[in-house]
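Chains as they are written, first to last, in this note's numbering: chain P, 12 to 327; chain V, 28 to 271.
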């Protein structure tokens, strides 16, 4: 890799964040609100991309890490009066801890078994929310009190504050993904994805590296979940359901696995596909499905993955 | 002067169900040698080296490397102690460049702390391994696009990137053309100046040319051991190979 491509890639990612910053001043209210939501969800997708895209761990249970952050921040706000900064930090820690615990068990399996084990853990987490329904209020969920939705004295219900908190989280996740993709750690992740047995026989403790990937991913997903709850004020069990384990997979596949900005591209596209198509018809998922098929036909490696393959091999 | 024993096994056995693929093998291998391991198909050669490299756990017995009992160590830890294994079926990172493939093998050794090696040091180490096998001109090619012979050489370069004490080559010349084999023989001689080489090989010309000692396995046991000349004359070996 030459130094030139390094600078080109860094400049591209910085300007992507810059464009999102500028959009704050341009976008109409409706899209402004959407974009804040998309940036948080894209952070979740980037978390998924660390384990799935870069390391090749196909988890079907990432909703549990997102929900770990969401519920930690929400419940701490509700019952302990914890503010947003503490909520996000604890949410991140919860996602990290759950990922390490689940990883220690689930990473003893590979392939299809890993998919099933992660799915089962996520279902157990989902059911735990109902078990403690007295506090979590099950699928009805609860609203985080607005008093706790403050960061450094600024109300997160305020659209501008919300947008910039979402952008900050997003930029941090881009920085982490970029750092991982370019680091020697990221090279080992990619090696495990490409050929696990070979990587082991080069002297790498594959289990520990996979656990590291899952822990980074879980921490990012936990932070995204906490931010989602605090920014939009609602905590509900839907976010722990299988749907929210499948979404990040779809977003990452659409945008391009193992590309830094792919998860954002995928989240953005999917969000607006649903948004626009539902304005025309109640059968909007049909349109989304057809669009997905088209995408797989013409961009089999996702939007950025295909771009990297055809025009920009320097893209991390 | 007695040579230092680099690798030895004690009553090493591996059973798959009722089949004793490796049956109580006592094997000693002095440092600095090129040793060939031969035997008819199904003799247990690959199983035996998998027990040495740690890819399979033994059913019984022990493995010693460099004076240490490594029987319980997982494969990656044995690699870190200096046992490198190159795969019988070419196993490379097909989507990565040739340089990145070898870089990955050198990276762990050169890493200090958690931030990995300095990029220039790493590239230098990877390039020197590639130069030894003659692939440095192909450094930026995607590994999966290399010819079969070059992929085999890349495998060896990845082994060299580890700077092993013992390099296990599992049927390295399989599928190579004659002139590639000749180049390979001189490459192994070159490697043997720094590392011990354990060679599993079917090509008898290669074995006779390279090996200082030959160990013959048959049905999981050591049938014979000796210099190429002794093995060539051994009646038991002839019977095992010809099935008479």
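A virtual CB, placed ideally from N, CA and C, is assigned to each residue, including glycine.
Do you know offhand how far residue 37 of chain V's Cα is from residue 78 of chain V's? 12 Å
Taking Cβ-Cβ distances shorter than 8 Å, what residues in chain P pair up with residue 122 of chain V? 205
State the beta-bridge partners of residue 67 of chain P as determined by DSSP. In the DSSP output, where bridge partners are listed per residue, residue 67 of chain P has none listed.
Check whether chain V comes within 8 Å of residue 230 of chain P, counting only Cβ atoms and requiring the distance to be less than that. no
Run through DSSP, which three-state label would residue 41 of chain P get? helix
Give me the chain V residues within the contact set of residue 194 of chain P, using Cβ-Cβ distance strictly less than 7 Å, ordered along the chain. 143
Count the other C-beta atoms from every protein chain shown that fall within 10 angstroms of the C-beta of residue 65 of chain P, then say buried if there are 16 or more, exposed otherwise. buried
Is any beta-carbon of chain P found at less than 8 Å from that of residue 61 of chain V? no
Apply the 10 Å Cβ neighbour rule to residue 28 of chain V and answer buried if 16 or more other Cβ atoms are within range, or exposed otherwise. Bear in mind that the predicted position of residue 28 of chain V carries a pLDDT of just 40, short of 50, making it unreliable; the figure below should be weighed with that in mind. Exposed, because fewer than 16 other Cβ atoms sit within 10 Å of the Cβ of residue 28 of chain V.
Between residue 114 of chain P and chain V, is the shortest Cβ-Cβ distance under 8 Å, so that the two count as touching? no
Identity of the residues DSSP links to residue 37 of chain V by a beta bridge: V/89
With DSSP as the reference, label residue 115 of chain V as helix, strand or coil. coil
How is residue 143 of chain P classed by DSSP in three states: helix, strand or coil? coil
If the cut-off is 8 Å on Cβ atoms, which residues from the segment 211-230 of chain P count as contacting chain V, listed in chain order? 211, 212, 213, 214, 215, 216, 217
Quick one: what's got a C-beta closer than 7 Å to residue 40 of chain V's C-beta in the same chain, skipping five residues either side? 47, 49, 50, 51, 85, 86, 87, 88
Spatial neighbours of residue 115 of chain V within its chain, please: C-beta separation below 6 Å, excluding the five flanking residues on both sides. 197, 198
Can you tell me whether residue 53 of chain V is buried or exposed, with buried defined as 16 or more other CB within 10 angstroms of its CB? exposed
For residue 208 of chain P, go through chain V and note every residue whose CB falls closer than 7 Å to its CB, in chain order. 118
Segments of 4+ residues assigned as alpha helix (DSSP H) that fall wholly inside the segment 192-265 of chain P: 195-205, 207-211, 217-243
Where the alpha helix (DSSP H) through residue 289 of chain P begins and ends: 273-291
Residue 54 of chain V - DSSP class collapsed to helix/strand/coil: strand
Using a beta-carbon distance below 8 Å, is residue 106 of chain V in contact with chain P? yes
Residue 99 of chain P (DSSP reduced to helix, strand or coil): helix
Which same chain residues, not among the five before or five after residue 237 of chain P, have their C-beta less than 6 Å away from its C-beta? 80, 84, 98, 99, 102
Counting contacts by CB-CB distance shorter than 8 Å, is residue 131 of chain V in contact with chain P? yes
Could one say the Cβ of residue 283 of chain V lies closer than 8 Å to chain P's Cβ atoms, at least one of them? Outside the displayed range of chain V (28 to 271) lies residue 283 of chain V, so it cannot be described from this structure.
Beta-carbon of residue 180 of chain V versus every beta-carbon of chain P: anything under 8 Å? no
First and last residue of the beta strand (DSSP E) that includes residue 249 of chain V? 248-253
Quick one, which residues of the segment 151-165 of chain V are near chain P if we go by CB-CB under 9 Å, in chain order? none
Per-residue burial, residue 129 of chain P [other beta carbons within 10 Å of its own, 16 or more giving buried]: buried
Determine, using beta-carbon pairs with one atom in the segment 153-173 of chain P and one in the segment 111-131 of chain V, whether at least three such pairs fall under 8 Å. no
The segment 51-58 of chain P in contact with the segment 270-279 of chain P per 3-pair CB rule at 8 Å: yes
Determine the chain V residues that contact residue 202 of chain P at a beta-carbon separation under 7 Å, and present them in chain order. 120, 131
Taking contact to mean 3 or more Cβ pairs, one atom from each stretch, closer than 8 Å, check whether the segment 257-267 of chain P and the segment 306-314 of chain P are in contact. yes
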